[in-house]
């Protein structure tokens, strides 16, 4: 009869411990969706080939063109906005 109480206690502890990874996952997911800062926005990503991309980002109302490859990021220039 004593082992039944032991198994119940063990089950409760395991149930409580299983909530920690779930809580950490949900916390990370909420923080990714609601960033604290809106200074940098990714406007568009265009793949050039399977290893390279061109990114159009906006940083403090400036539009910047970046290249990305397996070697890293490359600054390509600033895009002027004619509508402003």
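Numbering (my numbering), first residue to last: 2 to 85. The beta carbon of each residue, even a glycine, is placed where N, CA and C say it ideally should be. For clarity, every value in this text was computed on a predicted model and none was experimentally measured.
Alpha-carbon to alpha-carbon, residue j and residue i
{"i": "residue 31", "j": "residue 2", "result": "45 Å"}
{"i": "residue 71", "j": "residue 55", "result": "13 Å"}
{"i": "residue 28", "j": "residue 60", "result": "27 Å"}
{"i": "residue 14", "j": "residue 78", "result": "56 Å"}
{"i": "residue 81", "j": "residue 40", "result": "18 Å"}
{"i": "residue 22", "j": "residue 47", "result": "35 Å"}
{"i": "residue 57", "j": "residue 75", "result": "12 Å"}
Residue nearest to residue i in terms of C-alpha spacing, selected from the options
{"i": "residue 50", "options": "63, 69, 58 and 41", "result": "69"}
{"i": "residue 44", "options": "26, 52, 21 and 63", "result": "63"}
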